[in-house]
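Quick notes on the structure that follows.
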Amino acid sequence: MREVLDRIEKTGIVPVVVLEDAEKAVPVAKALQAGGIDCAEVTFRTAAAEESIGRIAKECPSILLGAGTVLSVEQVKKAVDAGAKFIVTPGFNPSVVSYCVEHQIPVVPGCMDTNAIEMALEMGLDTVKFFPAEAAGGLKMMKALAGPYVNLKFIPTGGVGKDNLCDYLSFRKVIACGGSWMVKGDLVRAERYDEIERLSREAVAAMLHLRIGRIQVGSMCENPAEHADLLHSVFLTAQTEEGAEAEGCIEILTDHLERALYHLEKQGIAFDMDTAVRDGKKMRSVDFKKKAGEFRIRLAEK
Ligand code: 3PG
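Numbering (our numbering), first residue to last: 71 to 372.
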């Protein structure tokens, strides 16, 4: 359970996929992955769900694949047999949740009130899907619900899209957001895989929010002041200054450091973990393995 939830947290986004035709399952999964999202929840809202899960599990084994809208133990069995690694339900269904808990199948039940949350806690769960997030009161309602349950984490889903994704993710009890905005039914029907990929990439970029922070020009540079001025005029919003150290440093800021590390490593960027600066358990910054000329590149959370 922990491993699956940790990966969902690093990915940050759980696409909710409704497939009417299993032929489209693999191209959709590949488009999500190409856009940087290697997780999908295929919903049991259509007859094609089981076969779609089977095809994705076989053709795209690196994707973290779950089954959504699971309403019965029978569907749990079908989903798991087909290759689903986690189960999501719209409401708190005691039979489904206890079956999953007994069989150590990661399960995230939908909970929108204190009763459902307490049943989830009673079953030993620490993460629930807050559903339907926007209709149930949005971030304000979720924060109010989080108050008494100090260790509870949420995956808000329902009405989440590119415009409110970052608001939800900024609440530290949110491990990821679910939603269909990058994989809407009309895009799937029209086989607009390019658009699914683009919307996925856009969602990941909005979530990570990578931008230039401070730039320090190293003292071994021939004319540090001149270089600092030049860089300042290029990166208008970045703070550029002469640093005390020999090497310069370009700082790249992100809203979510651990998540950014996960996504950038998938793109082949290596980090020098010996340079990681931590505040307790939380990592605050880490340097890229590669340098840009005389500059170290540092990824830091703001
Ligand atoms: C779900 O099943 O979780 C929701 O239908 C997804 O909601 P959305 O379509 O509003 O993103």
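Each residue gets a CB set at the ideal place from its N, CA and C atoms; glycine is no exception.
Where do the N-terminal and C-terminal ends of the alpha helix (DSSP H) with SER122 fall, by residue? 119 to 129
Along the chain, where does the beta strand (DSSP E) containing THR159 start, and where does it finish? 156 to 159
For ILE266, three-class secondary structure by DSSP: helix
Rounded separation between LYS86 and GLY288 - CA only: Sequence check: residue 86 is Val here, not Lys. Between VAL86 and GLY288, the C-alpha separation is close to 47 Å.
Which residues in the same chain as ALA118 place their Cβ atom closer than 7 Å to its Cβ, once the five residues preceding and following it in sequence are excluded? LEU89, GLU90, ASP91 and ALA92
Check whether the Cβ of VAL86 sits closer than 6 Å to any heavy atom of the ligand 3PG, and report yes or no. yes
Quick test of the definition: if touching needs 3 or more C-beta pairs under 8 Å, does the region 186 to 206 touch the region 224 to 232? yes
What separation, rounded to the nearest whole angstrom, lies between the Cα atoms of ILE322 and THR116? 43 Å
Nearest-angstrom Cα distance between ILE123 and LEU280? 33 Å
If you count every other CB in all the chains shown that lies within 10 Å of the CB of PRO131, and 16 or more means buried, which is it? exposed
Cβ neighbours of MET343 in the same chain (closer than 7 Å, five flanking residues each side left out): VAL356
For the beta strand (DSSP E) containing ASP342, list its first residue and its last residue. 341 to 349
In chain order, what residues of the same chain have a beta carbon less than 6 Å from the beta carbon of THR159, not counting five sequence neighbours either side? VAL140, VAL166, PRO179 and GLY180
Let me know the secondary structure DSSP gives LYS243 once reduced to three states. coil
Terminal residues of the alpha helix (DSSP H) in which ALA149 lies: 143 to 152
Which partner residues of PRO226 appear in the DSSP bridge assignment? PHE200
What is the DSSP secondary structure of ARG284, reduced to helix, strand or coil? strand
Among the residues of its own chain, which have a CB less than 6 Å from the CB of ILE320, if the five just before and after it don't count? ILE285, PHE365 and ILE367
When DSSP labels each residue in this structure, what does ALA110 get in the three-state scheme? strand
Range covered by the alpha helix (DSSP H) that runs through LYS361: Note, LYS361: premise wrong, no alpha helix (DSSP H); not H, not E.
Can you tell me which of LYS147, ILE78 and ILE126 puts its alpha carbon nearest to the alpha carbon of ALA101? ILE126
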